[in-house]
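Trainee:
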Amino acid sequence: MQTNGNVRQRFSIRKSHLGASSVLLGVSIALLSGGVTVQAEETNAVSEPPILLSQSQSLPEENQINSTEVDTNSQTSDNESQVSTDTQVANQVDTEIESQSETVVSTTQDKTVESVETPSDVNPAQAADNESTTLETKTLADNQAPAVDLTDSKVTVTATAKDKDFKRVSVHDPSIFYDEKTGTYYIFGSHLGQAKSKDLQNWTPLFNHEYENPSSVLGDLNKNLAKPFEWAGYDDADCAGGHYAIWAPDVVWNPDYKWADGSTGAYMYYFCTSSTWRRSVISYAVSKTVEGPYDYVDSLIYSGFTREDSTDGSTRNTNYKGTNIDELMAAGVIEPGFSEIWNRDNGHTYNNDYAPNAIDPNVFYDKSGKLYMSYGSWSGGIYLLELDKTTGKAIYPGKDGKTADGRHIDKYFGTHLIGGYHQSGEAPYIIYDKNTDYYYMFITYGGLGREGGYNMRLFRSKRVDGLYVDAKGKHPTYTSWTADPVNDAYGIKVMGNYNLDSLQSAYMSPGHNSAFIDKSGNWYLVNHTRFNQGTEYHEVRVHPMRMTEDNWPVALPFEYRKSDLTLTKASESQFVGDYEFVNHGRDTSGQPLPKSRLQLNANGTVTGALTGTWTKTKKGNNYYITIKTKNVTYKGVFDVQKDESASHNPCLVFALVGNNNEVIWGVKPYKVTQKSATKTTRANQKVVVAKAQTDTTFGFKQIINQTLLSKPNTLAATPHAAREMSVSDNVTTPHEKQNQTNSPKVKTVKKIQKSSVVAASTNKTKEMRKENSVKPSLLSAVCGVVAAGVLGIFYEKKRR
383 MQTNGNVRQR FSIRKSHLGA SSVLLGVSIA LLSGGVTVQA EETNAVSEPP ILLSQSQSLP
443 EENQINSTEV DTNSQTSDNE SQVSTDTQVA NQVDTEIESQ SETVVSTTQD KTVESVETPS
503 DVNPAQAADN ESTTLETKTL ADNQAPAVDL TDSKVTVTAT AKDKDFKRVS VHDPSIFYDE
563 KTGTYYIFGS HLGQAKSKDL QNWTPLFNHE YENPSSVLGD LNKNLAKPFE WAGYDDADCA
623 GGHYAIWAPD VVWNPDYKWA DGSTGAYMYY FCTSSTWRRS VISYAVSKTV EGPYDYVDSL
683 IYSGFTREDS TDGSTRNTNY KGTNIDELMA AGVIEPGFSE IWNRDNGHTY NNDYAPNAID
743 PNVFYDKSGK LYMSYGSWSG GIYLLELDKT TGKAIYPGKD GKTADGRHID KYFGTHLIGG
803 YHQSGEAPYI IYDKNTDYYY MFITYGGLGR EGGYNMRLFR SKRVDGLYVD AKGKHPTYTS
863 WTADPVNDAY GIKVMGNYNL DSLQSAYMSP GHNSAFIDKS GNWYLVNHTR FNQGTEYHEV
923 RVHPMRMTED NWPVALPFEY RKSDLTLTKA SESQFVGDYE FVNHGRDTSG QPLPKSRLQL
983 NANGTVTGAL TGTWTKTKKG NNYYITIKTK NVTYKGVFDV QKDESASHNP CLVFALVGNN
1043 NEVIWGVKPY KVTQKSATKT TRANQKVVVA KAQTDTTFGF KQIINQTLLS KPNTLAATPH
1103 AAREMSVSDN VTTPHEKQNQ TNSPKVKTVK KIQKSSVVAA STNKTKEMRK ENSVKPSLLS
1163 AVCGVVAAGV LGIFYEKKRR
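Counting in this note's numbering, the sequence shown runs from 383 upward without gaps.
1. If I follow the unbroken beta strand (DSSP E) through E941, where does it start and stop?
2. Anyone know if the C-beta pair for R832 and M890 falls short of 7 Å?
3. Which word fits Y567, buried or exposed, when buried means at least 16 other C-beta atoms lie within 10 angstroms of its C-beta?
4. Pick out whichever of Y626, S896, L885 and S662 has its Cα sitting closest to the Cα of W741.
5. Skipping 5 residues on each side, what residues in its chain have a beta carbon closer than 7 Å to that of D815?
6. So I812 packs on F746, CB below 8 Å; how close in whole Å?
7. Look up A712 in the DSSP assignment and give the residues it is bridged to.
8. So is N725 buried or exposed if we call it buried at 16+ other beta carbons inside 10 Å?
9. Note down the Cα distance separating L1260 from I1007, rounded to an integer number of angstroms.
10. Less than 7 Å between C-beta atoms, sequence neighbours within five positions excluded: which residues of the same chain meet that for T970?
11. Please say whether N636 and K549 have beta carbons closer to each other than 7 Å?
12. With a CB to CB cut of under 7 Å and the five nearest residues on each side skipped, what residues in its chain are close to I874?
13. Taking the alpha-carbon positions, what's the H730 to N895 distance?
14. Would you kindly report the start and end of the unbroken alpha helix (DSSP H) that includes P610?
15. Taking the beta carbon of R845 as the centre, do at least 16 other beta carbons fall within 10 Å, making it buried, or is it exposed?
16. So I558 and V908 are in contact, right, with Cβ under 8 Å, and what is the actual spacing, rounded?
17. Give me the Cα-Cα distance between H857 and K1053, rounded to the nearest whole angstrom.
18. Excluding the 5 residues flanking E592 on each side, which residues of the same chain have their C-beta closer than 8 Å to its C-beta?
19. Is it buried or exposed, Q973, if we count other Cβ atoms within 10 angstroms and call 16 or more buried?
20. Using the three-state DSSP reduction, which class does H573 fall into: helix, strand or coil?
21. Could you compute how far the alpha carbon of Y906 sits from the alpha carbon of F940?
22. At what residue ranges does the region 605-684 contain a whole run of the alpha helix (DSSP H), taking only runs of 4 or more?
23. Cα separation between N734 and H798?
24. For K1017, count neighbouring C-beta atoms within 10 Å of its own C-beta (all shown protein chains included) and say buried if the count is 16 or more, exposed if not.
25. State the CB to CB distance for the pair M650 and V634, rounded to an integer number of angstroms; the pair is presumed to be in contact (CB under 8 Å).
26. Using 8 Å as the Cβ pair cut-off and three pairs as the minimum, do the region 611-624 and the region 696-715 touch?
27. Are the beta-carbon atoms belonging to V922 and V679 less than 7 Å from one another?
28. Classify N1192 as helix, strand or coil using the three-state DSSP reduction.
29. Put L603 into one of helix, strand or coil per three-state DSSP.
30. Need the endpoints of the beta strand (DSSP E) that D960 sits in, please.
31. In whole angstroms, give me the CA-to-CA distance for D694 and W659.
32. If you measure between the beta carbons of V715 and Y778, is that distance less than 7 Å?
33. Counting along the chain, where does the beta strand (DSSP E) carrying E768 start and finish?
34. Only counting runs of 3 or more residues, tell me where the beta strand (DSSP E) segments fall wholly within the region 983-1041, in order along the chain.
35. Look at the alpha carbon of P587 and the alpha carbon of N744, and state the distance between them as a whole number of angstroms.
36. Closer than 7 Å by C-beta to K752: which residues in its own chain qualify, once you throw out the five before and the five after it? Chain order, please.
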């Protein structure tokens, strides 16, 4: 028994020694594992793919920014630049550029992240709302040491570098054309102005000055356009003295056009020449290249003619014998006989209450593939003619008639669409949208000068030949001329004069537009605009348009600027607030609209410039908004744009169409907040962002619980440095790889001179962090004890 007791005692002693050793081993493992850690799913950068906390879409080089700044909405002076050692918090982290190796941080490309709001259930630092982080990434000189300020909490990233200004162009009456062969956008305008672009933002002019002769588009003007100039457009009346008046062209690619040699396919350039407010002619020319030169083919529609010899602004005879009408009658294309309704005063005056001014052609395909041309300006209104796709010539009705709804069909001019009696407006532009199955017709009212009140209107129809109606369901019908602007009662006012805080000056007389729908169904409005600067200078602007729930395209307040800004669920909290407000109204006015404000309140009411209620609806990726006042219902969309200030700040905008034909806009600053807890472990200084979810304002969503930087003694200055970083000495982002031959090096390596770094705690988060740090340490100790016990038992069994 004694012997057995001694054995048991010796075995107990051996177990005690082994147990103590196990405890020590467990504690050592716990200490080596980092001591203070973050309750996060820490990953190894070698085995896991890196993550980039910035947008990854490739943008044109001119839109890249060379500097970003990380800041917050609320600054906290008490917690600036604090870090901790093993036992205490130091005042500052000294950083320096490594002499042997460089880590290159990619810069944000044409993007601004103001803040990213994350749900509370995935935010471990929810209480630290008042802390701030200020980090900066800049282009640095060699051996220059940037400072790094790091605290936990809310991170705001703001692009401070000015977006590169667009290359502007001044083209009046711009007509947009997209050339699928080259992927290039073209605008063709009056006075032989034209330009091209790859991005709808930066334009290259294709002319040195207006009416160049020879012209890159129409060659030798006097030779190529001799036929239309016989009627109007050169050295006559309004263009006397050797001047030209070649206006408002429209270009279309026609694969069915047949050349004399039997080949098919042509770019077709429809244009007008004009000498007075009623004597004009529409002609067309063709080319095998989009930039020309175009060869004149024929003249289609004349206006301003009279049955008897007469004059109009000059000594030139306006007798219809100088047009193509006699030729068409003789060929049997139209019924013989001069229509008396074309003239008044016994055939001595052109009846422009009924008949059109033959300018502003717009050529387009209907949904069945037929080719049409709308045209007209004031006078007798807007008309429609079908075109022969093989020849490009007009298919005249041939005889007079009526539409089913009572509009007249003229044997020569075509189907009357809208207007008459000088109340119609000008510059018709019809575009078919297969997604809504509507034909949309734009028209411009007012005078084209800076204070003329030029403004765009919109109608639509299920049939190419009408009836075109507005948001009130009304079609303009006029029976006589009046000095009152009765046409203001018709048509959605797409855009008129307006001013916003980010504009250098008010936009004046935006008009004579075209429109474009890309392959994804996105709409763009293209127009010229003047400015409230005392001159008649004008430039082209492109505005994105969005479709309302009622299938009306509505222009957004700011010009198109490519970005990844999109609305998501996290953006909804920002819909409530105070907005700059524009109500374009219905009047044609030469004065800028006064600035006003409107509030969308959390209780669903609307106050300020309008009084009523508002609701929002999400369908797919779109956020729709409805505002109801006592007498009007407005329907439209929320969206995000960059404003037109020098810094191009992100803005939340809305654009709505009222059932009274008014368009209203709202603009307010747009912010995205990001909350996260950022700490560095003692053992390997890994920077981990725990369970934080980047929001979605820029159209991306990522769970950030991966290692941002795994290299010892190196700290990422900004979340944008995370992706493509490894343990190698030289790390280059994809953006830098693409641009390292022509871009300055961006160096942001920060060497931490402390053995361990822990972000400073605040009173609000200290208790939470203590809990986070204790759990892994205890777990490590327990694991060590269990492992040692198993080893002890194994050892004893082996000894026996």
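No residue lacks a Cβ here, since even glycine has one placed at the ideal position from N, Cα and C. Since the model is a prediction, treat every value here as computed from it, not as a measurement.
Mentor: According to the data block:
1. No beta strand (DSSP E) contains E941, which DSSP labels as neither H nor E.
2. yes
3. Burial call: buried.
4. Checking the sequence shown, residue 741 turns out to be Ile, not Trp. When each option's Cα is compared against that of I741, the closest is S662.
5. Y822 and I899
6. 6 Å
7. Its beta-bridge partners do not exist; DSSP assigns none.
8. N725 is classed as buried because its beta carbon has at least 16 other beta carbons within 10 Å across all chains shown.
9. Here the chain has residues from 383 to 1182 only, and residue 1260 is not among them.
10. Y827, G828, G835, N837, P867 and D870
11. Result no, Cβ atoms of K549 and N636 do not sit closer than 7 Å.
12. R839, L840, D852, A853, W934, V1039, N1043 and V1045
13. 35 Å
14. A608 to F611
15. Around the Cβ of R845, a 10 Å sphere holds fewer than 16 other Cβ atoms; the residue is exposed.
16. 4 Å
17. 43 Å
18. H573, L574 and G575
19. exposed
20. helix
21. 12 Å
22. 608-611
23. 13 Å
24. buried
25. 5 Å
26. yes
27. no
28. One cannot answer for residue 1192 here, as it falls past the ends of the chain, which runs 383 to 1182.
29. Three-state result, L603: helix.
30. G959 to N965
31. 10 Å
32. yes
33. I764 to L769
34. 987-990, 994-1001, 1004-1010, 1015-1024 and 1032-1040
35. Here the alpha carbons of N744 and P587 stand approximately 22 Å from one another.
36. E768
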